[in-house]
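For our numbering, add 212 to where a residue sits in the sequence shown, where the first one is 1. Yeah, the Cβ is synthetic: ideal placement off N, Cα and C, and Gly gets one too. Every value quoted in this text rests on a predicted model; they were computed, and no experiment measured them. To start, the structure under review is shown below, and the notes come after it.
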Amino acid sequence: MSNEFDIIKKYFTHPTSHTDLGVGDDAALIQVAKGCQLAISTDISVVGTHFFKDTAPHDIGWKSLAVNVSDMAAMGANPKWATLSITLPEVDDAWLVEFSRGFLACADFFKIDLIGGDTTRGPLNIAVQIMGEIPVGEALTRSGAKAGDDIWVSGNLGSAALGLAHLQQHQALNDETTRNACLKALHTPQPSIALGLALRALAHSCIDISDGLLADLGHILKASNVGATIQLEKIPCLPAFTAYIKEPTIQQAVLAGGDDYELCFTASPSMHSTISAFSKTRNINLAKIGKVNASGALVVTLEKENLTMTQLGYDHF
Ligand code: ADP
Ligand code: MG
């Protein structure tokens, strides 16, 4: 039977590469590079709300850190450190082995040091704080969009939402390749730090898509005091869904499904060729889906016809 200290030692003490004092003392010590700001963000993952009780523990571990990495990407920050505060209903060694393996695989992939946290008994609940560096003044914010900007998104939208709908038996995904891609998007999101870092020099505003494109683009528009028109047929989704973009469930997933962890950003049209070139050389899919305007409203069109918010099944505003 393990106690709290055994758990920390066994599962959450991992070599660090850029930390002065990590797990084991009353506080960790880190040094932020000269000329950099510390970007700090936190996300909590709760059983029943963010994942199912029987979700593979490896994937819970990966995703609980990856959703925080996504916030770093959105700011143009380079993630460096994380803390993990976890409440566990019981000490289940098999679960902890897999959970820590997933969490630390994500940490290693993004070169993030796990520098501390807290471990107590309670309903399964995982709070991660992430810290990253940004050269002073280079952060990407939600408030920088300008009328005339192009609106871009990375990757495919709606995959995770359709994967979730499949698990809830609301959506059949008969094609194996498509089903696997959707479940992978849902369980092991892959945020792109490389994109976030490049966007420091290219974008006017940026957000990560965690609550659905319309909601998150809505945050940019509100913070920037602008409006936008986006074209549904330009929004990238998995090939299996492009022909079905008129179907409400697919539309809903692409426009308002959660858990995409892709970036939505706005940039001057003068950046168009640089952004396209970056997309090609780095093999990161980027699609231009619309334009920022001065209207203050968000309009979605499909084949030049306006879709109403009721048609979109969208009532967040
Ligand atoms: P204290 O009682 O001073 O709060 P703790 O016993 O909670 O200390 O933690 C001991 C050490 O282990 C601290 O360095 C803390 O940051 C670290 N720690 C606790 N839980 C975790 C965890 N889940 N992951 C990583 N480090 C942890
Ligand atoms: Mg403590």
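When the Cα of residue i is compared with those of the options, which residue comes out closest?
{"i": "ASN497", "options": "ILE442, LEU514, LEU369, GLU345", "result": "LEU369"}
{"i": "LYS246", "options": "GLY469, ASN518, ILE346", "result": "ILE346"}
{"i": "THR389", "options": "SER371, ILE419, ALA339", "result": "SER371"}
{"i": "ASN280", "options": "PRO403, ASP423, HIS270", "result": "PRO403"}
{"i": "MET483", "options": "ASN337, ALA413, MET343", "result": "ALA413"}
{"i": "ASN337", "options": "ILE252, PHE263, PHE321", "result": "PHE263"}
{"i": "THR228", "options": "GLN381, ASP320, SER507, ASP304", "result": "ASP320"}
{"i": "ASN495", "options": "GLY430, ALA406, LEU411", "result": "ALA406"}
{"i": "CYS318", "options": "ASP304, GLN380, HIS226", "result": "HIS226"}
{"i": "PRO335", "options": "LEU250, SER297, TRP293", "result": "SER297"}
{"i": "ASP237", "options": "HIS230, GLN249, PHE217", "result": "PHE217"}
{"i": "ALA410", "options": "LYS292, GLU350, GLN381, LEU379", "result": "GLU350"}
{"i": "ILE219", "options": "THR331, PRO481, ILE272", "result": "THR331"}
{"i": "GLN249", "options": "LYS292, GLY273, TRP274", "result": "LYS292"}
{"i": "SER214", "options": "ILE272, ASP304, PHE322, GLY430", "result": "ASP304"}
{"i": "ALA509", "options": "HIS431, LYS446, LYS492, LYS458", "result": "HIS431"}
{"i": "ASN437", "options": "SER485, SER507, LYS458", "result": "SER507"}
{"i": "ILE462", "options": "ILE419, PHE322, HIS382, ILE487", "result": "HIS382"}
Is the beta carbon of residue j closer than 8 Å to that of residue i?
{"i": "LEU374", "j": "SER417", "result": "no"}
{"i": "PRO448", "j": "GLY367", "result": "yes"}
{"i": "THR254", "j": "ALA339", "result": "yes"}
{"i": "THR295", "j": "GLY329", "result": "yes"}
{"i": "THR299", "j": "ARG354", "result": "no"}
{"i": "VAL512", "j": "ILE442", "result": "yes"}
{"i": "ILE179", "j": "VAL235", "result": "No statement about residue 179 is possible, as the shown extent of the chain runs from 213 to 529 and does not include it."}
{"i": "ILE501", "j": "ILE363", "result": "yes"}
{"i": "ALA465", "j": "ALA377", "result": "yes"}
{"i": "ALA178", "j": "ALA479", "result": "This structure gives no information on residue 178, because the portion of the chain shown stretches from 213 to 529."}
{"i": "GLY470", "j": "ALA285", "result": "no"}
{"i": "LEU433", "j": "ALA499", "result": "no"}
Cβ-heavy atom distance between residue i and the ligand ADP below 7 Å?
{"i": "GLU216", "result": "yes"}
{"i": "PHE224", "result": "yes"}
Tell me the rounded alpha-carbon separation between residue i and residue j.
{"i": "GLY439", "j": "TYR223", "result": "48 Å"}
{"i": "SER312", "j": "TYR473", "result": "21 Å"}
{"i": "LEU398", "j": "ALA278", "result": "11 Å"}
{"i": "ASN392", "j": "ALA489", "result": "30 Å"}
{"i": "LEU425", "j": "GLN341", "result": "24 Å"}
{"i": "CYS476", "j": "VAL365", "result": "4 Å"}
{"i": "ASP232", "j": "THR520", "result": "55 Å"}
{"i": "SER276", "j": "LEU514", "result": "35 Å"}
{"i": "GLU302", "j": "ASN290", "result": "35 Å"}
{"i": "ASP361", "j": "LYS503", "result": "6 Å"}
{"i": "ALA468", "j": "ALA359", "result": "23 Å"}
{"i": "SER282", "j": "GLU517", "result": "33 Å"}
{"i": "LEU450", "j": "LYS221", "result": "42 Å"}
{"i": "ASN386", "j": "THR267", "result": "21 Å"}
{"i": "GLY314", "j": "ALA306", "result": "13 Å"}
{"i": "GLN243", "j": "MET343", "result": "11 Å"}
{"i": "ASP428", "j": "MET287", "result": "14 Å"}
{"i": "CYS394", "j": "ALA384", "result": "12 Å"}
{"i": "ALA455", "j": "LEU444", "result": "12 Å"}
{"i": "LYS265", "j": "ASN505", "result": "44 Å"}
{"i": "ASP271", "j": "GLN380", "result": "18 Å"}
Looking at the structure shown, is residue i part of a helix, part of a strand, or coil, going by DSSP?
{"i": "CYS449", "result": "coil"}
{"i": "THR231", "result": "coil"}
{"i": "ASP325", "result": "strand"}
{"i": "PRO291", "result": "strand"}
{"i": "GLY375", "result": "helix"}
{"i": "THR493", "result": "helix"}
{"i": "ALA251", "result": "strand"}
{"i": "VAL281", "result": "helix"}
{"i": "THR389", "result": "helix"}
{"i": "GLY430", "result": "helix"}
{"i": "PHE477", "result": "strand"}
{"i": "VAL504", "result": "strand"}
{"i": "SER404", "result": "coil"}
{"i": "LEU467", "result": "helix"}
{"i": "LEU308", "result": "helix"}
{"i": "ARG412", "result": "coil"}
{"i": "HIS528", "result": "Any answer about HIS528 is weak, because its pLDDT of 43 lies below 50 and its placement is not dependable; what the coordinates show is given next. Here HIS528 sits in coil by DSSP."}
Inset, instruction - Quick one: residues with CB closer than 6 Å to any heavy atom of the ligand SAH, in chain order, please. - result: Judged by which ligands are present, the ligand SAH is missing from the structure shown, whose ligands are the ligand ADP and the ligand MG.
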